[in-house]
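Worksheet: one structure, shown below.
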C-alpha cells in the first residue's frame, strides 16, 4: 500500500526560529494536506494543495506540493509557543480509494519561549 | 455550532465489556470516517461510510461494527473489549458540503481505556 515518510520525527526549537518539515511518498498523490494536532484535540486542517508545484500560505505557514507529486513541504516562519503540536501530512487520491487519506507519522514540534 | 462532535470524550471500561461511541457532523458532508490513533500517534483509518453505505473497511477485528443511521451520524460499537483496543478514536467527515472530498474534518476524539 501507499506509505508516507514524514521527517523529522520531532523538533525542538527556540521561539522566533523558522521550521521546515517534509513528506515523501513511494507513489504520486493528487492532493496533499497538512494537519496540526494539539494535545487532547483532533487534527485540524491547515493547508490543502491540489496542483503540482502549488505554493499556498496560511498566515505564517507555507506549504508546497512537490513537482513530482511525490512530496510536500511545510514551513513555519517566526515560530511562537502556540505552534507546539504534532503536524501530520496526508496524501489523497491516485491509485487508491477516492475517499482514503494516507497519513504520515507526524512531526512533534516543541517551541521553547 | 460544533462541526464534528463525538461522545463520550473519555471512556474507561473493563475488558470484555461492550461499548459504543457516537459521532455527528453538521457540515452537510456525505462521507464519514473512523480512525484509531495509537500511543505512537499514528492515525489509522478503520471504516468509512458514504451516504450510509460502507465504502472502506480496513483490516479491523469484527468486534468493531460501525453503523450509520443517516449521513450525519456514524457510530462505532465495540464488543468484547480487549486491552489492545485502548486508543483515541477519531471521527471525521468530508465531501458534498464544506470543503472538497479530500478535506477531512476531525472530531475531538474519544479516549478509550480498557482495564
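Chains as they are written, first to last, in my numbering: chain E, -6 to 106; chain S, 15 to 129. Don't be surprised by glycine CBs; every beta carbon is placed ideally from N, CA and C.
Restricting to Cα atoms, I'd like to know which of 80/E, 100/E, 71/E, 101/E is closest to residue 7/E.
The residue you call residue 7/E lines up with position 14 of the first chain. Checked all of 80/E, 100/E, 71/E, 101/E; the closest Cα to residue 7/E is 71/E.
Inside the segment 50 to 93 of chain S only - beta strand (DSSP E) runs reaching at least 3 residues:
57 to 64, 67 to 71, 78 to 84, 87 to 92
Residues that residue 4/S bridges to, as DSSP identifies them:
Shown here, chain S extends from 15 to 129; a query on residue 4/S therefore has no answer.
Would a check of beta-carbon distances place residue 73/S closer than 8 Å to chain E?
The residue given as residue 73/S occupies position 59 in the second chain. It does not: the Cβ of residue 73/S has no partner Cβ on chain E nearer than 8 Å.
For the segment 16 to 36 of chain S against the segment 66 to 83 of chain E, do three or more pairs of beta-carbon atoms, one drawn from each stretch, fall closer than 8 Å, so that the two count as touching?
no
Compare the C-beta of residue 57/S against all C-beta atoms of chain E and say whether one is closer than 8 Å.
Within the second chain, numbered from 1, the residue matching residue 57/S stands at position 43. For residue 57/S, the answer is yes, since a Cβ of chain E falls inside 8 Å of its Cβ.
Hey, how far is the Cα of residue 104/S from the Cα of residue 9/E?
Taking the second chain and counting its residues from 1, one reaches residue 104/S at position 90. Taking the first chain and counting its residues from 1, one reaches residue 9/E at position 16. If I take the Cα positions, the gap works out to 32 Å.
Can you grab the Cα-Cα spacing for the pair residue 64/E / residue 66/S, in whole Å?
Indexing the first chain from 1 puts residue 64/E at position 71. Indexing the second chain from 1 puts residue 66/S at position 52. Looking at the two C-alpha atoms, the distance is approximately 33 Å.
Check whether the Cβ atoms of residue 94/S and residue 30/S sit closer than 8 Å, and answer yes or no.
Within the second chain, the letter at position 80 stands for residue 94/S. Within the second chain, the letter at position 16 stands for residue 30/S. Going by C-beta atoms, residue 94/S is nearer than 8 Å to residue 30/S.
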